[in-house]
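Note sheet for the following structure.
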Amino acid sequence: MEIFMDNVRVRFAPSPTGFLHVGNVRTALFNFLFAKNRGGKFILRIEDTDLERSEKEYEDALVRDMKWLGLNWDEGYLVGGDFGPYRQTERLKIYKKYALKLVEGGKAYYCFCKKEELEAERERQKARGEIPRYSGKCRNIPIDEAKKKVEKGEEAVIRLKVPKNYKIVFEDIVFGHQEIDSSQVDDRVLLRPDGTPTYNFACVIDDFEMKITHVLRGEQHLSNTPLQALIYEMLGINPPIFAHLSTINGPDGKKLSKRHGATSLVEFREKGYLPEAMVNYLSLLGWSPPDEEEIMDVEEIISKFSLERVSKSPAIFDVQKLNWVNREHLKKADLDRLVQLVIPYFKKEGVFLDVNDDIKKFLKLILDGFLTHVDYLSQITKECNMIFDFNPENIVEDEEVKKILSREAARDVINCFYNKIKNIDYLDFENYKNAVLSCMKELGIKGKNLFHPIRVGITALSSGPEIEKIVDIVEFGSRCDLLKKVIPVKDRVKSVLDVLNG
RNA sequence: GGCGCUAUCGUCUAGGGGUUAGGACGGGUGGUUCUCAGCCAUCAAACCCGGGUUCGAUUCCCGGUAGCGCUGCCA
Numbered sequence: 026m027e028i029f030m031d032n033v034r035v036r037f038a039p040s041p042t043g044f045l046h047v048g049n050v051r052t053a054l055f056n057f058l059f060a061k062n063r064g065g066k067f068i069l070r071i072e073d074t075d076l077e078r079s080e081k082e083y084e085d086a087l088v089r090d091m092k093w094l095g096l097n098w099d100e101g102y103l104v105g106g107d108f109g110p111y112r113q114t115e116r117l118k119i120y121k122k123y124a125l126k127l128v129e130g131g132k133a134y135y136c137f138c139k140k141e142e143l144e145a146e147r148e149r150q151k152a153r154g155e156i157p158r159y160s161g162k163c164r165n166i167p168i169d170e171a172k173k174k175v176e177k178g179e180e181a182v183i184r185l186k187v188p189k190n191y192k193i194v195f196e197d198i199v200f201g202h203q204e205i206d207s208s209q210v211d212d213r214v215l216l217r218p219d220g221t222p223t224y225n226f227a228c229v230i231d232d233f234e235m236k237i238t239h240v241l242r243g244e245q246h247l248s249n250t251p252l253q254a255l256i257y258e259m260l261g262i263n264p265p266i267f268a269h270l271s272t273i274n275g276p277d278g279k280k281l282s283k284r285h286g287a288t289s290l291v292e293f294r295e296k297g298y299l300p301e302a303m304v305n306y307l308s309l310l311g312w313s314p315p316d317e318e319e320i321m322d323v324e325e326i327i328s329k330f331s332l333e334r335v336s337k338s339p340a341i342f343d344v345q346k347l348n349w350v351n352r353e354h355l356k357k358a359d360l361d362r363l364v365q366l367v368i369p370y371f372k373k374e375g376v377f378l379d380v381n382d383d384i385k386k387f388l389k390l391i392l393d394g395f396l397t398h399v400d401y402l403s404q405i406t407k408e409c410n411m412i413f414d415f416n417p418e419n420i421v422e423d424e425e426v427k428k429i430l431s432r433e434a435a436r437d438v439i440n441c442f443y444n445k446i447k448n449i450d451y452l453d454f455e456n457y458k459n460a461v462l463s464c465m466k467e468l469g470i471k472g473k474n475l476f477h478p479i480r481v482g483i484t485a486l487s488s489g490p491e492i493e494k495i496v497d498i499v500e501f502g503s504r505c506d507l508l509k510k511v512i513p514v515k516d517r518v519k520s521v522l523d524v525l526n527g
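The first sequence lines up with residues 26 to 527 when you count with the working numbering.
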């Protein structure tokens, strides 16, 4: 269906009226993947023709988010290129040129109807149960007369003169052949009195001017495409190939919104999701790899990506699966990198103000012990809370711990363990192992009857990472220059024994 | 209301005129490790409904239903 092209040019064209959310990102991602897979160009264009709602702040956020994800664009906003400018409000002259061309060719006309009048009329039509449409009142004003009015300074918009009884046809890679009667499309406004274009017009002009070969965008634009296809035709130019991407909805099947929790990309970044995990998960929404391997890095996704495997049905954003994808990438990630990523969360908790090499090593030990416990990085501080908040009283409060202590010889184990370590200055792995070993021999206890009490002795808790890892973290942490002190093993066991002995 | 789009386990999906309808997340169970997490094994779980076409439809066609989108001088 699709003609092979080796000069693929695609674009992501967001409007800076809010923060990038997962739906937009998926669209950006698919454009990026397609471009890279085909060795083409990925272009970023800013559609800021909605003067009311567009904000510079959102443009900045958008750039930051795209960069974070690694969706680097080859051409466009901020990086430049041969077809700029790439922000629509800077391209007003271009739209005007094309709009005038349509007017001259009798394909569009000036409309002098007042905005308020039209709105009132729409309301009336709706009230009567009719389909709200433009009456076509100005459609037949002779062009010379209209021009004169415009010259006199009368406010006018330019509307498309949609032909009657006309079949509009276009192809969509995802949704297939589309046919619609021109009676379904209204004489839409192309250019506003202030010279700004409306979305559907600007979009066509820019895609043409920027030599866009494939338009991949959200499914909500499928209904706009007949209008756009018509504009291409009236302009006598060839449309690009369309590929609409199904919507991503919230868990209730409704449009993604605040009440579904995090939806904007910033939120996910702040929570400590890895960018490669976001990319991976989002790539799986509406597209599936040809094999059954779901965990992929960007390069793999690029190499496997094709529009043929994009599905038509809407998808629901599932945080559970995102979490799994993120955990998988967390496992594969370089520990030193994760240390860097985790620093802000510990700072926020007041664990330290500045990092030094010791603290980095300490964080590395924490990650080694607790990483398998988290879905995303910001959870780490809470997960490793036991390192900082040691509460010996817990042994008389926690049911699980009480159960362990009620077992025979539990106290003896803790006592024995304490005696073995009380004179050791720094309990390293060897020392710890030896202490445990001699307790084992001395008391003739092994397995859970040995380790459970030791765990309680050190943490006052019944569960957590491997004891030797905790020993490592706690001992090293106690020597680090931290705002939140870490109590060393020896003192911990002592405190537990004190509580135990009343 | 009109027009358009969509419909496979709870979720993401594969598949496709004849299959034990496959995988993944999540859930259940069991194993492993001192415990939790993890890891391994294992189980339950789906073709929206009704008509056609056909020897045979989950798959193709039509209708219904539901959801979503468009119906703006928003994008």
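We put the CB at the ideal spot given by N, CA and C, even for glycine.
query = For the putative contact between Trp98 and Leu69, defined by C-beta atoms under 8 angstroms, what is the C-beta separation to the nearest angstrom?
reply = 4 angstroms
request  = Identify whether Cys228 lies in helix, strand or coil by the three-state DSSP scheme.
outcome  = helix
key: Neighbourhood of Gly101 by C-beta distance below 6 angstroms, restricted to the same chain and skipping five residues each side   = Ile68, Leu69, Arg70, Tyr111
request  = Spatial neighbours of Glu500 within its chain, please: CB distance less than 8 angstroms, with the 5 preceding and 5 following residues excluded, ordered by chain position.
outcome  = Tyr451, Leu452, Asp453, Pro513, Val514
task = Kindly indicate which three-state DSSP category Phe44 falls into: helix, strand or coil?
result = coil
ask   = Mind checking Ser488: buried by the 16 CB within 10 Å criterion, or exposed?
value = exposed
message = Let me confirm a value: Ile256 is counted as buried when at least 16 other C-beta atoms fall within 10 Å, else exposed. Which label applies?
response = buried
query = Just how far apart, CA to CA, sit Ile205 and Leu402?
reply = 50 angstroms
ask   = With DSSP run on the structure shown, which of helix, strand or coil describes Met26?
value = Model confidence at Met26 stands at a pLDDT of 41, short of 50, so the residue's coordinates are unreliable and nothing is read from them.
task = Return helix, strand or coil for Val514, following the three-state DSSP convention.
result = helix
key: 7 angstroms CB neighbourhood of Glu418 in its chain, flanking five on each side removed   = Val524
request  = Determine the direct distance from the alpha carbon of Lys172 to that of Asn274, and round the result to whole angstroms.
outcome  = 47 angstroms
request  = State yes or no: is the C-beta of Phe226 within less than 8 angstroms of the C-beta of Leu216?
outcome  = yes
query = What residues match up with Lys66 in a beta bridge as DSSP calls it?
reply = Arg34
task = Rounded to whole angstroms, what's the CA-CA distance from Leu58 to Leu332? Just pull it up for me.
result = 10 angstroms
query = If you scan the region 317 to 345 from start to end, which runs of the alpha helix (DSSP H) of 4 or more residues do you find wholly inside it?
reply = 323 to 329
ask   = Just the Cα atoms here: how many angstroms apart are Ile449 and Asp516?
value = 12 angstroms
Spatial neighbours of Lys372 in its chain, beta-carbon cut-off 8 angstroms, leaving aside the 5 residues before and after = Leu378
message = Do Val518 and Tyr443 count as a contact pair if the criterion is CB distance below 8 angstroms?
response = yes
ask   = Looking at C-alpha atoms only, which residue of Pro218, Asp219, His239 is the closest neighbour of Cys228?
value = His239
task = Consult DSSP for Asp169 and reduce its assignment to one of helix, strand or coil.
result = helix
task = Helix, strand or coil for Asp107, going by three-state DSSP, please let me know.
result = coil
Contact set for Arg164: own chain, Cβ-Cβ below 7 angstroms, skip 5 residues either direction = Tyr134, Lys186, Asp212
task = Starting from the C-beta of Leu396, find all residues in its chain whose C-beta is less than 8 angstroms away, skip the five residues before and the five after it, and write them out in chain order.
result = Leu355, Lys356, Leu363, Ile405
inquiry  = Does the region 307 to 315 come into contact with the region 332 to 348, if we say contact requires no fewer than three beta-carbon pairs (one atom in each stretch) closer than 8 angstroms?
reply    = yes
message = On the CB-based measure, 16 or more other CB atoms within 10 Å of its CB, does Glu301 come out buried or exposed?
response = buried
request  = With a floor of 3 residues, list each beta strand (DSSP E) that falls wholly inside the region 189 to 238, ordered by position along the chain.
outcome  = 192 to 197, 201 to 206, 214 to 216
ask   = How long is the line joining the alpha carbons of Val182 and Pro218, rounded to whole angstroms?
value = 5 angstroms
task = Return the Cβ separation of Gly394 and Lys473 in integer angstroms, given the expectation that the two are a contact with Cβ distance under 8 angstroms.
result = Not a contact, Cβ separation roughly 20 angstroms.
inquiry  = With H, G and I counted as helix, E and B as strand and the rest as coil, what does DSSP make of Lys122?
reply    = helix
task = Assign Leu145 to one of two classes, buried (16 or more other C-beta atoms within 10 Å of its C-beta) or exposed (fewer than that).
result = With the sequence shown as reference, residue 145 is identified as Ala, and Leu is not the correct amino acid for it. So Ala145 ends up on the exposed side.
ask   = Which residues in the same chain have their Cβ closer than 7 angstroms to the Cβ of Tyr120, if we skip the five residues on either side of it in sequence?
value = Leu216, Pro222, Phe226, Ala227, Ile230
ask   = Sorted by chain position, which residues of the same chain lie with C-beta nearer than 7 angstroms to Gly43's C-beta, five sequence neighbours on each side aside?
value = Tyr83
inquiry  = Please classify Asn410 as buried or exposed, where buried requires at least 16 other C-beta atoms within 10 Å of its C-beta.
reply    = exposed
key: Which of helix, strand or coil DSSP assigns to Gly394   = helix
key: Separation of Glu72 from Ser271, as counted between CA atoms   = 21 angstroms
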